[in-house]
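Report on the following structure.
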């Protein structure tokens, strides 16, 4: 299995690699219409050749709109970064609703 590849991708004929803008749009449209649910069914329902885990991670880490960081969140990220360094997962634990990737990229 290649690095970054999900084990479920070996069991199915699924597309691997970078997501296209069209795939992102299909996933966004599906989640906007039906909400988050059973991720294993999302690829079939959204007409994506991806595994459910890949769809879930794409949504959570890149596509989900969580809004701008509040001034308090920004100050907290800066303070925690000074004390913890680039330990984004640890910093994100102090910010409910924010992922490590979201904190890193704010």
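In UniProt numbering, the protein residues as written are 1 to 106.
Quick reminder that beta carbons are idealized off the backbone N, C-alpha and C, glycines included.
1) Tell me the DSSP secondary structure of residue 67 in three-state form.
2) Between the beta-carbon of residue 69 and the beta-carbon of residue 44, is there less than 9 Å?
3) Candidates 94, 101 and 65: which alpha carbon is nearest residue 79's?
4) Let me make sure I understand the geometry here. Which of 82, 87, 88 and 23 has the alpha-carbon closest to that of residue 56?
5) Count the other C-beta atoms from every protein chain shown that fall within 10 angstroms of the C-beta of residue 91, then say buried if there are 16 or more, exposed otherwise.
6) Beta carbon of residue 37, beta carbon of residue 66: below 9 Å?
7) Quick one: what's got a C-beta closer than 6 Å to residue 86's C-beta in the same chain, skipping five residues either side?
8) Drop a sphere of 10 angstroms on the beta-carbon of residue 74, count the other beta-carbons inside from all chains shown, and report buried for 16 or more, exposed for fewer.
9) With a CB to CB cut of under 7 Å and the five nearest residues on each side skipped, what residues in its chain are close to residue 59?
10) Please report how far the alpha carbon of residue 14 lies from the alpha carbon of residue 50, in whole angstroms.
11) Quick check on the DSSP output: the alpha helix (DSSP H) that includes residue 91 runs from which residue to which?
Considering the structure as presented:
1) Of the three classes helix, strand and coil, the one that applies to residue 67 here is coil, per DSSP.
2) Taking 9 Å as the Cβ cut-off, residue 69 and residue 44 do not qualify as a contacting pair.
3) Closest in alpha carbon position to residue 79, among 94, 101 and 65, is 94.
4) When each option's Cα is compared against that of residue 56, the closest is 23.
5) Per the 10 Å Cβ criterion, buried.
6) No, they are not a contact pair.
7) Correct list: empty, nothing qualifies.
8) By the neighbour-count definition (other C-beta atoms within 10 Å, threshold 16), residue 74 is an exposed residue.
9) Closer than 7 Å at Cβ, skipping near neighbours: 27 and 31.
10) CA-CA distance, residue 14 to residue 50, rounds to 5 Å.
11) Per DSSP, the continuous alpha helix (DSSP H) segment holding residue 91 begins and ends at 88 to 92.
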